[in-house]
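> 1 is the number of the first residue of the sequence shown in full-length UniProt numbering; add one for each residue after it.
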Amino acid sequence: MQVEKGGSVVLLKDLFTKKKKYASIPSEVANQDVPEGIMTKCPSCKKIMYTKELLKNLKVCLHCNHHHPMNAKERIQSLLDKGSFIAYDEDMVSENPLQFPNYLEKLEGDRKKTGINEAVVTGEGTLNNFPLVIAVMDSTFRMGSMGSVVGEKITRAIEKAKEKGVPFIIFTASGGARMQEGVLSLMQMAKTSSALKLHSESGGLIISIMTHPTTGGVSASFASLGDYNFAEPKALIGFAGRRIIEQTIREELPEDFQTAEFLLKCGQLDAVISRLDLKETLTNVLDIHAPGGETKW
Numbered sequence: 001m002q003v004e005k006g007g008s009v010v011l012l013k014d015l016f017t018k019k020k021k022y023a024s025i026p027s028e029v030a031n032q033d034v035p036e037g038i039m040t041k042c043p044s045c046k047k048i049m050y051t052k053e054l055l056k057n058l059k060v061c062l063h064c065n066h067h068h069p070m071n072a073k074e075r076i077q078s079l080l081d082k083g084s085f086i087a088y089d090e091d092m093v094s095e096n097p098l099q100f101p102n103y104l105e106k107l108e109g110d111r112k113k114t115g116i117n118e119a120v121v122t123g124e125g126t127l128n129n130f131p132l133v134i135a136v137m138d139s140t141f142r143m144g145s146m147g148s149v150v151g152e153k154i155t156r157a158i159e160k161a162k163e164k165g166v167p168f169i170i171f172t173a174s175g176g177a178r179m180q181e182g183v184l185s186l187m188q189m190a191k192t193s194s195a196l197k198l199h200s201e202s203g204g205l206i207i208s209i210m211t212h213p214t215t216g217g218v219s220a221s222f223a224s225l226g227d228y229n230f231a232e233p234k235a236l237i238g239f240a241g242r243r244i245i246e247q248t249i250r251e252e253l254p255e256d257f258q259t260a261e262f263l264l265k266c267g268q269l270d271a272v273i274s275r276l277d278l279k280e281t282l283t284n285v286l287d288i289h290a291p292g293g294e295t296k297w
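Next up, the structure:
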């Protein structure tokens, strides 16, 4: 049956039939208009920014000051004088002493993914012309877990700092001891702590900067043994997990428990320092402890 509507003839059934609306699907060419990685969404404030601008700001969110993770190479480049870094023990790699299944394959996968051989990068360099030895843990390699090679590299770096008579700075980022190496991993706590004690007794300066996350055996050993213990904002720092502690003591813990700010209130940190201010702060500390150094704060 036909009716007249608005000067045109239409079928009666069309008056009672809703036209279907379909969402358009972007073509593959349209998807390529914005290259992958050009934008980054902040996990804290959920705002989107240009990745290039985020990198210029040392991976600190331009809107909420959230500190995005940094790998070892990025941190060294952002901190030390250009061209001054000389790496130590780059060829040192882990074995599989306990014959843990697929351990070597996982290590090889992390080497290809990160471009480093282990979860810590050590070496010497200068920071605003102050010589130092540095160790930087990298959470992208086995979650920064501490195995025998990690402990050995850190110990050798501490001994080199003692030999050269320069400060030792360490950036920690770790899930704790590496389970695939069992008790050999736990032994690194004592080894690194002993090396730090010898360096300290010789008059050497030790600066520890805890980043997100610093947990387990790392937080219970060299991470907490600095002459200065600093941390980045909102970094997770602790030994056992929150749930385990609550079940053990049968009490509900504060919301900010095991954050850098909570530890600062409890006196376990000397300062919580933004990554944007860290280079200046470290320069002042190194200047104070240099021969003839004076406080400029």
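Glycine included, C-beta positions come from ideal geometry on N, C-alpha and C.
(1) Provide the residue(s) that pair with residue 137 in DSSP beta bridges, ordered along the chain.
(2) Could you give the distance in angstroms between the alpha-carbon of residue 198 and the alpha-carbon of residue 77?
(3) Roughly how many angstroms lie between the CA atoms of residue 123 and residue 231, to the nearest whole one?
(4) By the three-class DSSP mapping on this structure, what secondary structure does residue 182 have?
(5) Please report how far the alpha carbon of residue 168 lies from the alpha carbon of residue 155, in whole angstroms.
(6) When you compare each of 51, 128, 43 and 47 to residue 37 by their alpha carbons, which one comes out closest?
(7) At which residues does the beta strand (DSSP E) containing residue 173 begin and terminate?
(8) Is the number of C-beta pairs between the stretch 271-279 and the stretch 226-243 that are closer than 8 Å three or more?
(9) Output yes or no for whether 8 Å exceeds the beta carbon distance between residue 176 and residue 215.
(10) Within its chain, find whatever has a CB closer than 7 Å to the CB of residue 96; leave out the 5 residues flanking it on each side and keep chain order.
(11) If you follow the beta strand (DSSP E) that residue 259 is part of, which residue opens it and which one closes it?
(12) With H, G and I counted as helix, E and B as strand and the rest as coil, what does DSSP make of residue 93?
(13) For a test of the three-state rule: what should DSSP assign to residue 85, helix, strand or coil?
Well, looking at it:
(1) Residue pairing by DSSP places residue 137 opposite 120 in a beta bridge.
(2) Between residue 198 and residue 77, the alpha-carbon positions lie close to 29 Å from each other.
(3) Spanning the two alpha carbons is a distance of roughly 21 Å.
(4) In this structure, residue 182 counts as helix in the three-state DSSP scheme.
(5) Cα to Cα, residue 168 sits roughly 11 Å from residue 155.
(6) Among 51, 128, 43 and 47, the Cα nearest to that of residue 37 belongs to 51.
(7) Its beta strand (DSSP E) spans residues 168-174.
(8) Contact between the stretch 271-279 and the stretch 226-243 is established, with three or more Cβ pairs separated by less than 8 Å.
(9) With contacts defined as CB atoms closer than 8 Å, residue 176 and residue 215 qualify as a contacting pair.
(10) Listed in chain order, the non-local C-beta contacts of residue 96 below 7 Å within the same chain comprise 103 and 104, local neighbours out to five positions each way being set aside.
(11) It is not in any beta strand (DSSP E) - residue 259 carries neither H nor E in the DSSP assignment.
(12) Under the three-state reduction of DSSP, residue 93 is assigned to coil, being neither helix nor strand.
(13) Residue 85 falls in the coil class under three-state DSSP.
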